[in-house]
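Asker:
Number of protein chains: 2
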Amino acid sequence: MTRSSGIDVAVSTAILTLRRTDRGVVLSLPLVRRTREPFADRWALPGGWLTATEAPVGAAARTLAETTGLAPSYLEQLYAFGAVDRSPSRVVSIVYWALLRSDQVDAQSAEYRRTGLAPENVRWFDADDLPPLAFDHAQIIEYALWRLRNKVGYSRVAQGFLPEEFTLAELREAVETILGRRLDPANFRRQVESSGTLIATDEFRTGNHRPARLYRSSPDAELADRGPLSSEEMSIR
Amino acid sequence: MTRSSGIDVAVSTAILTLRRTDRGVVLSLPLVRRTREPFADRWALPGGWLTATEAPVGAAARTLAETTGLAPSYLEQLYAFGAVDRSPSRVVSIVYWALLRSDQVDAQSAEYRRTGLAPENVRWFDADDLPPLAFDHAQIIEYALWRLRNKVGYSRVAQGFLPEEFTLAELREAVETILGRRLDPANFRRQVESSGTLIATDEFRTGNHRPARLYRSSPDAELADRGPLSSEEMSIR
DNA sequence: TCAAAAGTGTTCAGTATACACCCATGT
DNA sequence: ACATGGGTGTATACTGAACACTTTTGA
Numbered sequence: 001m002t003r004s005s006g007i008d009v010a011v012s013t014a015i016l017t018l019r020r021t022d023r024g025v026v027l028s029l030p031l032v033r034r035t036r037e038p039f040a041d042r043w044a045l046p047g048g049w050l051t052a053t054e055a056p057v058g059a060a061a062r063t064l065a066e067t068t069g070l071a072p073s074y075l076e077q078l079y080a081f082g083a084v085d086r087s088p089s090r091v092v093s094i095v096y097w098a099l100l101r102s103d104q105v106d107a108q109s110a111e112y113r114r115t116g117l118a119p120e121n122v123r124w125f126d127a128d129d130l131p132p133l134a135f136d137h138a139q140i141i142e143y144a145l146w147r148l149r150n151k152v153g154y155s156r157v158a159q160g161f162l163p164e165e166f167t168l169a170e171l172r173e174a175v176e177t178i179l180g181r182r183l184d185p186a187n188f189r190r191q192v193e194s195s196g197t198l199i200a201t202d203e204f205r206t207g208n209h210r211p212a213r214l215y216r217s218s219p220d221a222e223l224a225d226r227g228p229l230s231s232e233e234m235s236i237r
Numbered sequence: 001m002t003r004s005s006g007i008d009v010a011v012s013t014a015i016l017t018l019r020r021t022d023r024g025v026v027l028s029l030p031l032v033r034r035t036r037e038p039f040a041d042r043w044a045l046p047g048g049w050l051t052a053t054e055a056p057v058g059a060a061a062r063t064l065a066e067t068t069g070l071a072p073s074y075l076e077q078l079y080a081f082g083a084v085d086r087s088p089s090r091v092v093s094i095v096y097w098a099l100l101r102s103d104q105v106d107a108q109s110a111e112y113r114r115t116g117l118a119p120e121n122v123r124w125f126d127a128d129d130l131p132p133l134a135f136d137h138a139q140i141i142e143y144a145l146w147r148l149r150n151k152v153g154y155s156r157v158a159q160g161f162l163p164e165e166f167t168l169a170e171l172r173e174a175v176e177t178i179l180g181r182r183l184d185p186a187n188f189r190r191q192v193e194s195s196g197t198l199i200a201t202d203e204f205r206t207g208n209h210r211p212a213r214l215y216r217s218s219p220d221a222e223l224a225d226r227g228p229l230s231s232e233e234m235s236i237r
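Protein chains in written order, with UniProt numbering: chain A, 1 to 237; chain B, 1 to 237.
1) R123 of chain A CB to nearest chain B CB: under 8 Å?
2) Pick helix, strand or coil for D202 of chain B, following the three-state DSSP scheme.
3) How many Å lie between R123 of chain A and E142 of chain A at the Cα?
4) Check the Cβ-Cβ distances between Y215 of chain A and every residue of chain B, and say whether any is below 8 Å.
5) Using CA atoms only, rank isn't needed, just tell me which of B:Y112, B:V9, B:G24, B:P38 is closest to P88 of chain B.
6) Strictly below 7 Å CB to CB, what residues from chain A border E142 of chain B?
7) Please identify the residue among B:L31, B:A98, B:A110 whose C-alpha is closest to the C-alpha of A158 of chain B.
8) Keeping to the same chain, check which residues put their C-beta closer than 8 Å to that of G24 of chain B; ignore five residues upstream and five downstream.
9) Let me see if you follow: with CB-CB separation under 8 Å, is Q108 of chain B close to chain A or not?
10) Using a Cβ-Cβ cut-off of 8 Å, state whether P132 of chain B counts as contacting chain A.
11) What are the residues that DSSP puts in a beta bridge with P30 of chain A?
12) Pick out whichever of A:S102, A:G58, A:D22 has its Cα sitting closest to the Cα of P30 of chain A.
13) Give me the chain B residues within the contact set of residue 239 of chain A, using Cβ-Cβ distance strictly less than 7 Å, ordered along the chain.
14) Does the beta carbon of A40 of chain A sit closer than 8 Å to a beta carbon anywhere in chain B?
15) Figure out for me which residue from A:Q108, A:E170, A:D136 has the closest Cα to the Cα of A212 of chain A.
16) Would you tell me roughly how many angstroms separate the C-alpha atoms of F161 of chain B and L16 of chain B, rounded to the nearest one?
17) Mind pulling the beta strand (DSSP E) runs of 3 or more residues that sit fully within the region 138-187 of chain B?
18) For a test of the three-state rule: what should DSSP assign to E76 of chain B, helix, strand or coil?
19) With a threshold of 8 Å between beta carbons, is L45 of chain A in contact with chain B?
20) Cutting at 6 Å between CB atoms, please list the residues of its own chain near I140 of chain A, excluding the five before and the five after it.
21) Suppose the cutoff is 7 Å on Cβ atoms and the five residues either side in sequence are ignored; what does the same chain contact list for Y74 of chain B look like?
22) Which of the three DSSP states, helix, strand or coil, is assigned to R3 of chain B?
23) Taking only beta carbons into account, state which residues of the region 5-20 of chain B come closer than 8 Å to chain A, listed in chain order.
24) V92 of chain A CB to nearest chain B CB: under 8 Å?
25) Counting only C-beta atoms, is T51 of chain A closer than 8 Å to chain B at any point?
26) So R113 of chain B is in the alpha helix (DSSP H); what residue range does that whole segment cover?
27) Anything in chain B within Cβ reach of P56 of chain A, meaning under 9 Å, just list it in chain order.
28) How about P197 of chain B and A221 of chain B: do their beta carbons lie closer than 8 Å?
29) Please report how far the alpha carbon of S217 of chain A lies from the alpha carbon of L70 of chain A, in whole angstroms.
30) With DSSP as the reference, identify every bridge partner of F39 of chain B, one or two as the case may be.
31) Please compile the residues from chain B whose C-beta is within a distance smaller than 8 Å of the C-beta of R3 of chain A.
32) So T53 of chain B and V84 of chain A are supposed to be a Cβ contact under 8 Å. How far apart are they, rounded?
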């Protein structure tokens with residue numbers, strides 16, 4: 001029986017989060033330094049070979065956890081890349097994209113600094129300042145960012161970056177960072193309030209100015225509508 | 001080196017077109033009767049194993065041509081399905097979805113009838129009246145239809161079903177069939193005219209009533225915006 | 001002349017946008 | 001008190017939906 005022998009299947013994930021830097025909040029993602037050929041010493045998306053007993057989405061979740069020590073707030077398949085010449089050997093990569101909550105990333109980083117147990121060969125990069133990448137991973141990241149910017153317009157994926165409770169200004173800052181442009185605070189407030197995806201709490205974030213009400217994501221709804229695929233993605237087996 | 005050995009890669013395509021039947025225009029797709037286990041004698045999406053020298057999109061275009069004798073007016077990757085238990089052996093299917101022009105399908109069918117050279121084991125089914133399918137192909141088709149219905153709202157994929165020249169009523173009928181609901185002719189006209197994706201010709205379709213102006217798709221624009229992926233999909237090598 | 005589809009005009013509601021303005025807090 | 005961000009009000013423009021109306025053909 002003729003099979004697709006000689007083709008290997010890999011799973012990689014573009015793991016996105018927002019990080020507060022000296023240049024404000026920026027989109028960032030963790031990359032892994034390759035230790036082997038091809039592209040030894042180059043940075044690449046976290047991932048690995050798909051094993052015989054693991055679903056692709058499970059492999060994505062696993063490598064994500066291995067790389068970051070965290071669980072994603074959102075995980076969706078991006079695309080299957082399979083051009084013949086994208087790797088010296090024949091590799092089809094099923095690529096996922098994921099969102100991490102900023103606070104969890106920060107907490108994890110602090111923990112790593114405290115314990116000195118940070119993973120080797122993993123580093124966070126700003127999405128707009130990437131090093132030379134292995135394979136076609138630069139184009140893959142470009143597509144992942146396009147998908148994120150697209151989806152932020154008609155879904156609530158931006159909430160995947162934020163902690164349990166957040167102010168509308170924080171949510172707006174997340175969206176502004178993703179889109180790369182400023183939004184009118186008044187209109188943003190009304191739009192997101194009327195969307196019904198937020199639950200107002202009785203708490204307020206007290207800071208330098210008038211306290212801002214804290215909101216939380218409504219728990220019943222998905223961050224994005226994935227149609228009939230919801231069940232598939234859900235079952236990480 | 002540990003590879004994903006034991007995993008085979010297949011490429012399948014949900015090939016969609018509109019066909020005029022006794023119950024009006026309906027979404028239809030060609031299925032292939034399987035001749036081997038597993039699921040022998042069941043109907044399945046056209047496809048085959050990914051070969052070592054072929055890009056996935058090329059394999060999709062090839063099997064599409066082998067099944068229908070036609071070239072698609074639109075071809076896009078749908079999803080990579082890889083659940084462990086979706087097949088007795090471990091198979092990852094990269095699934096595409098494609099649109100065929102109705103007139104080309106009709107012409108091809110007439111040709112087959114004339115010459116008696118219709119492909120064996122291929123049959124067209126109405127999308128809302130499918131037989132029991134092999135593997136997870138029923139869910140795959142459901143997802144392809146969801147994607148089509150979704151995309152028809154913010155792109156001009158519906159034009160992929162129509163011939164070079166068509167009336168606004170024909171375009172509207174296509175959209176109505178996809179969405180499963182009637183649209184206001186007046187509003188539809190204005191929306192599609194203001195979108196700038198159509199070019200009015202000087203010809204008219206003469207029929208039972210007032211002649212309707214013929215339009216053609218503007219050639220410069222894609223049927224749908226696929227962002228940075230346009231180049232990938234284009235290169236069918 | 002009449003039925004029916006092609007095509008135009010108009011109204012109305014909902015939504016995006018711009019921006020003026022008031023509110024509540026820390027300094 | 002005042003600067004600053006939180007939060008409300010409002011005017012305007014645009015868009016989608018509903019529907020009345022005119023035009024043009026074949027029968």
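Note that the Cβ used here is the ideal one computed from N, Cα and C, for glycine as well.
Since the structure is predicted, the reported quantities are computational estimates derived from the model, not experimental observations.
Answerer: Looking at the coordinates:
1) Interface criterion not met: the Cβ of R123 of chain A is under 8 Å from no Cβ in chain B.
2) In the three-state DSSP reduction, D202 of chain B falls in the strand class (E or B).
3) Spanning the two alpha carbons is a distance of roughly 18 Å.
4) Closer than 8 Å: no.
5) Per the Cα distances, B:P38.
6) Neighbours of E142 of chain B on chain A, chain order: P228.
7) Out of B:L31, B:A98, B:A110, B:A98 has the C-alpha closest to the C-alpha of A158 of chain B.
8) Result list for G24 of chain B: T177, in chain order.
9) Using beta-carbon distances, Q108 of chain B does not count as an interface residue toward chain A, since no partner is under 8 Å.
10) Put simply, the CB of P132 of chain B is far from chain A, with every gap to its CB atoms at 8 Å or more.
11) Within the DSSP bridge table, the entry for P30 of chain A names A:W124 as partners.
12) Measuring from the Cα of P30 of chain A, the nearest candidate turns out to be A:S102.
13) In this structure chain A extends from 1 to 237, so residue 239 of chain A is not present and cannot be described.
14) Not an interface residue.
15) Comparing C-alpha distances from A212 of chain A to each of A:Q108, A:E170, A:D136 shows the shortest one belongs to A:E170.
16) Rounded to the nearest angstrom, the gap between the Cα atoms of F161 of chain B and L16 of chain B is 9 Å.
17) Correct list: 165-167.
18) Here E76 of chain B sits in strand by DSSP.
19) For L45 of chain A, the answer is no, since every Cβ of chain B falls outside 8 Å of its Cβ.
20) Within the same chain, V95 come within 6 Å of I140 of chain A by CB-CB distance, once the 5 residues on both sides are set aside.
21) Correct list, in chain order: A98, L99, V157, G160, L223.
22) Of the three classes helix, strand and coil, the one that applies to R3 of chain B here is coil, per DSSP.
23) Residues of the region 5-20 of chain B with a C-beta less than 8 Å from any C-beta of chain A: S5, G6, I7, D8, V9, A10, listed in chain order.
24) Taking Cβ atoms only, chain B reaches closer than 8 Å to V92 of chain A, which makes this a yes.
25) Closer than 8 Å: yes.
26) Start and end: 102-115.
27) Neighbours of P56 of chain A across chain B, judged by C-beta separation under 9 Å: A80, F81, G82, A83, V92.
28) Checking the sequence, you will find Thr at residue 197 of chain B rather than Pro. Yes, they are a contact pair.
29) Cα-Cα distance, rounded: 20 Å.
30) Paired residues: none, contrary to the question.
31) Listed along chain B are D8, W49, each with a C-beta nearer than 8 Å to that of R3 of chain A.
32) Between the beta-carbon of T53 of chain B and that of V84 of chain A there is about 6 Å, and that keeps the pair under the 8 Å contact cut.
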